[in-house]
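Sequential numbering from 26 applies to the sequence shown in my numbering. From the three backbone atoms N, C-alpha and C, an ideal C-beta is built for every residue, glycine too. Computed from a prediction, not measured in an experiment: that's the story for all the values here.
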Amino acid sequence: MTENNVKKDDVLLRVEHLCQYFGPVKAVDDVSFDIKKGEVFGLVGESGCGKTTTGRTIIKLYEATGGDVYFKGQRICAGTLTYVNAIKEARMKAKAEIAPLLADTKANPDNKAQNDEKIAAIKASLAEVVNENKAKIASARADQKHIDKRYSETLIAELNEKYLPLIKAAEDAGDEDKLAALSKEYKREKRKAKKTKLITQIQMIFQDPVASLDPRMTVREIISEGLIIQGETDKEKINEKVYEMLELVGLVREHAGRYPHEFSGGQKQRIGIARSVIMNPEMIIADEPVSALDVSIQAQVINLLNELKEKLGLTILFIAHDLSVVKYFSDRIGVMYFGKMVELASSDELFAHPLHPYTKSLLSAIPLPDPISEKKRQRITYNPLVSHDYSVDKPSMREVAPGHFVRCNDKEFAEYRAMLAE
Ligand SMILES: Nc1ncnc2c1ncn2[C@@H]1O[C@H](COP(=O)(O)OP(=O)(O)OP(=O)(O)O)[C@@H](O)[C@H]1O
Ligand SMILES: [Mg+2]
């Protein structure tokens with residue numbers, strides 16, 4: 026599914042076979058999707074299906090159990106579970122193959138030489154699998170360890186390119202004041218670059234604006250926290266940036282000195298948005314940013330996100346449990362059910378030709394604007410045990426039409442293709 030008809034270099038974030046397990050709970054289980062630069066990707070599904078966990082794993086609040094996440098072509102998350110499992114399985118398989126050979130040797134000692142040869146071959150191929158997967162584990166760990174350092178190094182290289190010629194020119198000109206000022210600025214920027222992590226280019230707006238804002242901090246402190254962590258010490262610069270952000274999200278600079286409890290729900294969410302946008306991110310993960318708000322306020326906050334997307338060239342992963350919220354806002358939509366992605370298509374395609382029964386049930390939950398059709402609207406309930414028979418024919422994510430993916434087995438795949446052909 027990573028090979029849909031889009032050029033690879035358009036992709037900003039690529040999630041491949043992501044798994045996040047909490048003990049026996051498979052909160053996210055083999056989820057794959059990608060988000061193109063400038064796109065709004067909607068992720069929907071009912072409460073507990075793993076939407077927030079997907080977002081939190083991407084920004085590395087959790088260590089991924091399995092699978093990979095690439096941001097701007099660099100692997101930012103690398104789970105090792107699949108490799109660990111591959112080793113386990115190979116060991117078990119080898120053990121099962123060797124046991125009867127040993128038994129045979131015991132019963133028929135004449136066969137020993139022949140059996141030993143077979144056993145050696147099995148052990149050799151096991152060693153190959155083990156080494157291959159151990160190398161993958163090592164490379165995943167290495168990527169995790171070095172990703173931020175490598176990123177800092179590229180930032181520092183950019184600073185060198187910018188500042189070193191300027192410093193040299195000031196030196197040559199014998200301009201002591203300019204040289205001192207440039208050197209100071211260069212040092213400060215370098216210190217910041219050392220602390221900057223690639224992952225700060227993805228910022229998350231959290232689900233619950235009340236719980237996500239520390240009540241003891243002023244709005245100024247909340248909004249500027251990320252900058253300060255990144256090593257910004259210039260107070261004036263910080264203040265200017267905070268005011269700029271407040272105005273950008275529709276608040277005023279006088280709000281900077283106040284505390285979260287003095288704001289309405291919609292305003293709190295605007296503060297949350299300002300806090301993430303100040304980091305100058307390329308991508309925002311908006312986790313149900315409007316679910317806790319009154320319907321009348323929801324549209325305002327969505328419009329704000331839309332405006333910011335245009336103004337700042339943002340790419341957005343928009344999480345919601347309700348399809349109606351994401352419909353107009355998202356270019357593409359992924360539908361999750363119990364930790365799995367079950368359908369993925371462009372927004373228009375998903376609404377015009379929903380295929381997975383769970384998507385159909387989500388669509389049937391949306392009230393219709395026309396009272397007559399609304400009266401006739403029937404809620405479809407989804408029961409996986411009734412809808413699918415996966416006892417033999419197993420499901421996987423398949424491309425039913427270009428760019429339209431559904432989790433289905435062979436039989437369903439044929440049925441869905443036929444439905445689309447009608
Ligand atoms: N830190 C955690 N430890 C253990 N289990 C967790 C943790 N976080 C989430 N879970 C479990 O993982 C599953 C997915 O939770 P998640 O919060 O991702 O769902 P969600 O789709 O965001 O739901 P909602 O719409 O209610 O926000 C749930 O069963 C949840 O109980
Ligand atoms: Mg959630």
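For residue 58, the enclosing beta strand (DSSP E) starts and ends at 50 to 61.
Secondary structure within the stretch 122 to 169: not one fully enclosed alpha helix (DSSP H) run of 4 or more consecutive residues is present.
Of the residues assessed, residue 76 falls on the buried side of the cut-off, its CB having 16 or more other CB atoms within 10 angstroms. Annotated three-state conformation of residue 221 is coil, per DSSP.
Close CB contacts of residue 247 within its chain, under the 8 Å cut and outside five residues either way in sequence, are with 238, 239, 285, 296, 300 (chain order). Residue 100 carries a strand assignment under DSSP once its states are collapsed to helix, strand and coil. Under a 10 Å Cβ-count criterion, residue 124 is classified as exposed, with fewer than 16 other Cβ atoms of the shown protein chains found around its own Cβ. For residue 310, there is no enclosing alpha helix (DSSP H); the residue is found in the beta strand (DSSP E) stretching over 308 to 312. In the structure shown, residue 403 falls within a coil segment according to DSSP collapsed to helix, strand and coil. Within the same chain, 115, 116, 119 come within 7 Å of residue 151 by CB-CB distance, once the 5 residues on both sides are set aside.
Inclusion of residue 47 in the 7 Å shell around ligand 1 follows from its C-beta lying nearer than that to a non-hydrogen atom of the ligand. Annotated three-state conformation of residue 369 is strand, per DSSP. In the DSSP assignment, residue 44 forms a beta bridge with 91. Residue 340 holds the alpha-carbon nearest to the alpha-carbon of residue 355 among 394, 340, 42, 236. In the structure shown, residue 67 falls within a strand segment according to DSSP collapsed to helix, strand and coil.
With a 10 Å radius around the Cβ and a threshold of 16 neighbouring Cβ atoms, residue 93 comes out buried.
In the structure shown, residue 298 falls within a helical segment according to DSSP collapsed to helix, strand and coil. Excluding the 5 residues flanking it on each side, residue 95 has same chain C-beta neighbours closer than 6 Å at 39, in chain order. Between residue 441 and residue 425, the C-beta spacing is below 8 Å. For the options 48, 419, 275, 56, the alpha carbon positioned closest to that of residue 322 is the one of 275. In this structure, residue 313 has its CB closer than 7 Å to one or more heavy atoms of ligand 2.
Sixteen is the threshold: since fewer than 16 other Cβ atoms of the shown chains lie within 10 Å of the Cβ of residue 185, the residue is exposed. Contact check between the stretch 266 to 280 and the stretch 310 to 319: fewer than three CB pairs, one atom from each, fall below 8 Å, which does not count as touching.
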